[in-house]
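Engineer: If you count by our numbering, then the sequence shown holds residues 32 to 338, one letter each, in order.
Here a beta-carbon is modelled for each residue, glycine too, at the ideal position from N, C-alpha and C.
Predicted model only: the values in this text are computed from it and were never measured.
Structure in structure tokens, see below.
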Amino acid sequence: MPALDLALDPPRRARYAFVSHGHSDHVARHDGGIASPATVALVARRYGRTHLTPVAFGETIERARHRVTLQPAGHILGAAQVIIDAPDGRRLIYTGDFSVRARRTVEPAVPVHADILIMECTYGHPRYVFPPDEEIQERIRSFIERTLAAEQIPVLLGYSLGKAQEAMAIVAALGYPVCVHPAIGRLAEIYRAFGIDLGSYIVADGTVPEGYVVIAPPGARRLPLPRPVRTLLLSGWALDPSTPFRLGVDEAVPLSDHADFAELVAFVRASRPARVYTTHGPPSFADYLRDLGFDAYHLGTYQLPLF
Ligand SMILES: [Zn+2]
Numbered sequence: 032m033p034a035l036d037l038a039l040d041p042p043r044r045a046r047y048a049f050v051s052h053g054h055s056d057h058v059a060r061h062d063g064g065i066a067s068p069a070t071v072a073l074v075a076r077r078y079g080r081t082h083l084t085p086v087a088f089g090e091t092i093e094r095a096r097h098r099v100t101l102q103p104a105g106h107i108l109g110a111a112q113v114i115i116d117a118p119d120g121r122r123l124i125y126t127g128d129f130s131v132r133a134r135r136t137v138e139p140a141v142p143v144h145a146d147i148l149i150m151e152c153t154y155g156h157p158r159y160v161f162p163p164d165e166e167i168q169e170r171i172r173s174f175i176e177r178t179l180a181a182e183q184i185p186v187l188l189g190y191s192l193g194k195a196q197e198a199m200a201i202v203a204a205l206g207y208p209v210c211v212h213p214a215i216g217r218l219a220e221i222y223r224a225f226g227i228d229l230g231s232y233i234v235a236d237g238t239v240p241e242g243y244v245v246i247a248p249p250g251a252r253r254l255p256l257p258r259p260v261r262t263l264l265l266s267g268w269a270l271d272p273s274t275p276f277r278l279g280v281d282e283a284v285p286l287s288d289h290a291d292f293a294e295l296v297a298f299v300r301a302s303r304p305a306r307v308y309t310t311h312g313p314p315s316f317a318d319y320l321r322d323l324g325f326d327a328y329h330l331g332t333y334q335l336p337l338f
């Protein structure tokens, strides 16, 4: 946004940036910028020193006569949408990665009216509609029960920032003892510092006590564990039937930290934007929105993320 000298989630170093959340594809070494306090803490934990200034949800700063406000995006701890109010009264909202479901570790994104809406649409295809949370939780419970009954170690695989902490809270609430990979434990400390209850857990030191559920990043699925393990991938891509085979896991459940297709469409309707720009998902989602009567365009290239 040249008028504000403000770049939104720039992938490369910028003079001044809004960083929506701490996932690596949204973080670079900027000269300055803003992010929520939790995102600043997560970026500092993962990458060391940062020049980002923390701005709390609901707090407004001024930049080149524009008012800039952050509000929850519901994706992972600290994930923010940015609301930019221009001096002429027009409003732009950039969602960053977002989810509208109430979850255990993050506040959901709430749609707000915008003249221009720039939205993430990773799952912007009609085949991506996630089941209700109760069903997802029941499938996780069933996987754990079957695996323990077969005297194997249940290993839940989820991205180390966000998905893994949500899984920790779910598994603890289901009543199972939790053992996490050290990379997940390091980031869980930041969640706890920001008052998020993840339940009790231990950090893996090579052995897993009897009856524990292991939570590990997807890349760590060949962990040296003493007994046979069964793996369950937690990812929205579980809706693709080929996912377990393609990613070499035993099973997959669509626990996602993004909005699904129906939620994306509902979000646009609630925002009532004069114009929509879509990012990160299939370009056809903008065509779909145009068919619904929205002035919608796709921004950027489309790459299928794995997790
Ligand atoms: Zn993300």
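In three-state terms, what does DSSP make of G279?
Structural biologist: Coil at G279, not helix or strand.
Engineer: Any heavy atom of ligand 1 inside 8 Å of the beta-carbon of D288?
Structural biologist: Result yes, Cβ under 8 Å from ligand 1.
Engineer: Cutting at 7 Å between CB atoms, please list the residues of its own chain near I201, excluding the five before and the five after it.
Structural biologist: Same-chain partners within the cutoff: R135, Q168, I171.
Engineer: Can you find a heavy atom of ligand 1 that lies under 8 Å from the Cβ of G189?
Structural biologist: For ligand 1, not one heavy atom lies less than 8 Å from the Cβ of G189.
Engineer: Among A297, F276, F174, E220, which has the Cα closest to the Cα of G193?
Structural biologist: Checking every option, the nearest Cα to that of G193 belongs to E220.
Engineer: So is the beta-carbon of A110 under 8 Å away from any non-hydrogen atom of ligand 1?
Structural biologist: Correct: A110 has its Cβ closer than 8 Å to ligand 1.
Engineer: Going along the chain, which residues of its own chain have a beta-carbon closer than 6 Å to the beta-carbon of P118, five neighbours each way excluded?
Structural biologist: Same-chain partners within the cutoff: R96.
Engineer: How big is the Cα-Cα spacing for A235 and C210?
Structural biologist: Rounded to the nearest angstrom, the two C-alpha atoms are 6 Å apart.
Engineer: Where does the unbroken alpha helix (DSSP H) through P41 begin, and where does it stop?
Structural biologist: Looking at the DSSP string, P41 is not in any alpha helix (DSSP H), and its letter there is neither H nor E.
Engineer: What are the boundary residues of the alpha helix (DSSP H) that includes Q168?
Structural biologist: Unbroken alpha helix (DSSP H) run through Q168: 164 to 180.
Engineer: Could you tell me the distance, in whole angstroms, from the CA atom of R300 to the CA atom of G155?
Structural biologist: Distance between the alpha carbons of R300 and G155 is about 14 Å.
Engineer: Does the Cβ-Cβ distance between L270 and R158 come in under 9 Å?
Structural biologist: Closer than 9 Å, so yes.
Engineer: Does DSSP put F129 in a helix, in a strand, or in coil?
Structural biologist: Here F129 sits in coil by DSSP.
Engineer: Would you call the segment 100 to 118 in contact with the segment 58 to 74, where contact means no fewer than 3 C-beta pairs closer than 8 Å?
Structural biologist: Yes, the segment 100 to 118 is in contact with the segment 58 to 74.
Engineer: Using 8 Å for Cβ pairs, my map puts P41 next to A59. What's the rounded Cβ distance?
Structural biologist: Right, the Cβ-Cβ distance comes to about 6 Å (below 8 Å), so this counts as a contact.
Engineer: So P304 packs on L205, CB below 8 Å; how close in whole Å?
Structural biologist: The pair is not a contact, with the Cβ atoms about 39 Å apart (cut-off 8 Å).
Engineer: Whose CA, out of H289, A180, I233, Y328, lies closest to the CA of R261?
Structural biologist: R261 has its Cα closest to that of A180, out of H289, A180, I233, Y328.
Engineer: For ligand 1, enumerate in chain order all residues having a CB closer than 5 Å to any of its heavy atoms.
Structural biologist: Listed by chain position, these are H54, D128.
Engineer: Please state if the CB of I184 and the CB of P248 are separated by a distance shorter than 9 Å.
Structural biologist: No, Cβ-Cβ distance for P248 and I184 is not below 9 Å.
Engineer: Pull up the distance between the alpha-carbon of Y308 and that of L320, whole angstroms please.
Structural biologist: Those two C-alpha atoms are separated by around 10 Å.
Engineer: Taking the Cβ atom as the reference point for each residue, do I227 and S191 lie within a distance shorter than 9 Å?
Structural biologist: No, Cβ-Cβ distance for I227 and S191 is not below 9 Å.
Engineer: Let me check understanding here. Comparing Cα to Cα, which of P139, V137, A145 lies closest to Y125?
Structural biologist: Nearest of P139, V137, A145 to Y125, Cα basis: A145.
Engineer: Alpha carbon to alpha carbon, what distance is there between F298 and L323?
Structural biologist: The alpha-carbon atoms of L323 and F298 are separated by roughly 13 Å.
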